[in-house]
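If you use this note's numbering, the sequence shown closes out at 337, no skipped numbers anywhere. Structure record follows, encoded as structure tokens.
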Amino acid sequence: MNWCAATWVVSLPHPSAKTKPLAVVFGCSGPELSEAERAFFRDTNPLGFILFQRNCHDPAQVKKLVADLRASVGREAAPVMIDQEGGRVARLKPPHWPEFPSAKAYADLYANNPQGGLEAARLGGRLIAFELAQLGISVDCAPVLDVPQPGADPIIGDRAFGPDAATIIRVAGAFIDGLKAGGVAAVIKHVPGHGRALVDSHKDLPRVDAPLEALQSIDFAPFKVLHMAPWAMTAHVVYEALDAGQPATTSASVIEDIIRRFIGFRGVLLSDDLSMKALCGDFAGRARACLEAGCDVALHCNGDMTEMVEVARGAFSMTRASWARYNLSELQRTSATRLEFDKNEARRRFDGLLGA
């Protein structure tokens, strides 16, 4: 399907300055915006954007792309996010950007040297935030708070900040502090927990049959303690003890009763990627379902124009509550105390702690 700007403008009014953005974060297809993408983003006015490795060739190019994305919606502060966890999930790679370890490296250090592990995690977050801020990227889709369980699919694996909830709470909390100190908002994921999934939700829909008591004491615990994070990303996982018919992303009961009430999360709730195979149905329906269930924002990553058009048709403008949550997250991000930071000295200390 070829998108036509004129057709879209007929079906969707051009957003004015007073119009709340569409409750979607979109990806784009390459290292620069096509004219079709520029017009589509102008006319749909999504809340923000997400970058992947296909979008990131070198620093000057990324800075220009970030500026062009924001210009397309006419909002200089529109969120631009990226998955820069470290290890195998890193969109910015050498030689233009430094390498960072997986979360497991911090947890392993913490096991033998708790103070050193916390310092390394905090420095890792701060150094990543420095690289992102240089490019204009304001949100990092990290850290993973999932508690890995024996026999689970390896999709989480070394992305976890420890083998148990207590370790994850401390080490991931330090990483969040580092991001915040660098002016970058953290996204805790995958709420309320992906650590028991026996299949990768990119490929299929995981079903978890653990009893509620186990979920509350283990899986939900890191999210509950770190619930003050500005953003969270949902899990495309069915929890049979909570809602046997819907994954968390599209379950109103999981979002309201568990994520908002039990966990106490009050920030911006972002769906995981709508194009993952854990979800079914057309893209308009997927977007509508997650927003109607209580997600503040739907996420679509792959930059496929045909899919993006359908997502936009199914989505709606941010609600008053969602818009307020987003603005509070931005206020917290931009008002964080910025201490003097020497990147080179911080990296030397970081590498020394981790034995690099």
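Positions of the beta carbon are idealized from the N, C-alpha and C atoms, including for glycine.
Considering only the alpha carbon of each residue, which of the options lies closest to residue i?
i: Asp185; options: Gly106, Ala259, Arg328 and Arg72; result: Ala259
i: Gly67; options: Gly98, Ala86, Cys282 and Pro76; result: Ala86
i: Phe331; options: Val292, Phe81 and Ile239; result: Phe81
i: Asp39; options: Ala59, Phe111, Trp78 and Gly106; result: Trp78
i: Arg329; options: Lys44, Gly105, Ile31 and Ala296; result: Gly105
i: Leu126; options: Phe7, Ala153, Ser256 and Leu32; result: Ala153
i: Ala265; options: Val290, Met257 and Ala101; result: Val290
i: Asp24; options: Val43, Pro2 and Met299; result: Pro2
i: Pro211; options: Leu193, Val128, Arg177 and Thr315; result: Thr315
i: Arg19; options: Gly284, Gln313, Ile149 and Leu90; result: Gly284
i: Lys44; options: Leu116, Leu312, Ile169 and Val128; result: Leu116
i: Ala302; options: Arg247, Ala327 and Glu194; result: Arg247
i: Met299; options: Cys282, Leu320, Thr287 and Cys276; result: Cys276
i: Ala114; options: Leu73, Gly97, Leu255 and Gly333; result: Leu73
i: Phe30; options: Asp134, Thr318 and Ala48; result: Ala48
i: Leu32; options: Asp64, Arg306, Pro76 and Arg151; result: Asp64
i: Ile149; options: Ser10, Leu179, Phe243 and Leu90; result: Leu90
i: Ser198; options: Val165, Phe243 and Ile169; result: Phe243
i: Arg69; options: Pro135, Leu99, Asn94 and Gln96; result: Pro135
If you reduce the DSSP assignment to three classes, tell me which class residue i lands in.
i: Pro60; result: coil
i: Gln42; result: helix
i: Trp212; result: strand
i: Gly67; result: strand
i: Ser234; result: helix
i: Ser83; result: coil
i: Leu251; result: strand
i: Leu280; result: strand
i: Arg72; result: coil
i: Ser119; result: coil
i: Lys1; result: coil
i: Arg188; result: strand
i: Val338; result: Given a span of -18 to 337 for the chain in the structure shown, any question on residue 338 remains unanswerable.
i: Ile240; result: helix
i: Pro12; result: coil
i: Leu99; result: helix
i: Lys258; result: coil
i: Phe264; result: helix
i: Pro173; result: coil
i: Val6; result: strand
i: Phe297; result: coil
i: Phe246; result: coil
i: Leu193; result: helix
i: Leu338; result: Within the shown structure, residues of the chain are numbered from -18 to 337, placing residue 338 beyond reach of any answer.
i: Phe322; result: coil
i: Gly275; result: coil
i: Gly106; result: helix
i: Val218; result: coil
i: Phe201; result: coil
i: Phe22; result: helix
i: Leu32; result: strand
Can you give me the Cβ contacts of residue i inside the same chain, cut-off strictly under 8 Å, excluding the 5 residues immediately before and after it?
i: Val(-9); result: Note on Val(-9): pLDDT 28, under 50, position unreliable in the model; the coordinate value appears next. Same-chain partners within the cutoff: there are none.
i: Pro129; result: Ile137, Gly138, Ala141, Pro144 and Gly176
Between residue i and residue j, is the Cβ-Cβ spacing less than 8 Å?
i: Cys122; j: Met209; result: no
i: Val174; j: Asp145; result: Correcting the residue type first, residue 174 is Gly in the shown sequence and not Val. No, these two residues do not count as a Cβ contact at 8 Å.
i: Leu207; j: Ile240; result: no
i: Val278; j: Leu309; result: no
i: Leu280; j: Asp263; result: no
i: Leu46; j: Glu13; result: yes
i: Leu28; j: Ala59; result: yes
i: Ala84; j: Phe142; result: yes
i: Asp181; j: Glu221; result: no
i: Val235; j: Pro187; result: no
i: Val292; j: Val5; result: yes
i: Pro124; j: Ala167; result: yes
i: Ile118; j: Met62; result: yes
i: Asn26; j: Val54; result: yes
i: Phe21; j: Met257; result: no
i: Ala133; j: Leu179; result: yes
i: Ala92; j: Leu334; result: no
Going by beta carbon distance, what residues of the same chain come within less than 6 Å of residue i, once the five residues before and after it are set aside?
i: Phe111; result: Gly163 and Lys324
i: Arg107; result: Gly159, Ala162 and Gly163
i: Ala216; result: His171, His175 and Ala229
i: Glu57; result: Arg51
i: Gly336; result: none
i: Asp224; result: Ser232, Ser234 and Val235
i: Arg269; result: Gly295
i: Arg103; result: Ala155, Asp158 and Gly159
i: Cys271; result: Thr230, Thr231, Ser252 and Ala279
i: Asn(-17); result: Any reading at Asn(-17) needs caution, since the residue's pLDDT is 38, under 50, leaving its predicted position unreliable; the model's value is listed next. The answer is none, since no qualifying residue turns up.
Closer than 8 Å, CB to CB, is residue i near chain D or not?
i: Ile199; result: Any reference to chain D falls outside this structure, which holds one protein chain only.
Is residue i near the ligand SAM, judged by its Cβ being under 7 Å from some heavy atom?
i: Leu32; result: Of ligands this structure carries none, so the ligand SAM is not represented either.
Using a Cβ-Cβ cutoff of less than 7 Å, which residues in the same chain neighbour residue i once the five nearest sequence positions on both sides are dropped?
i: Ser350; result: No information on residue 350 is available, as it lies outside the stretch -18 to 337 that the chain covers here.
Notebook entry, point to check: Residue ranges of each alpha helix (DSSP H) run of no fewer than 4 residues wholly in the region 110 to 166, ordered along the chain?
Noted result: Listed in chain order, the complete alpha helix (DSSP H) runs (minimum 4 residues) inside the region 110 to 166 are 146 to 162.
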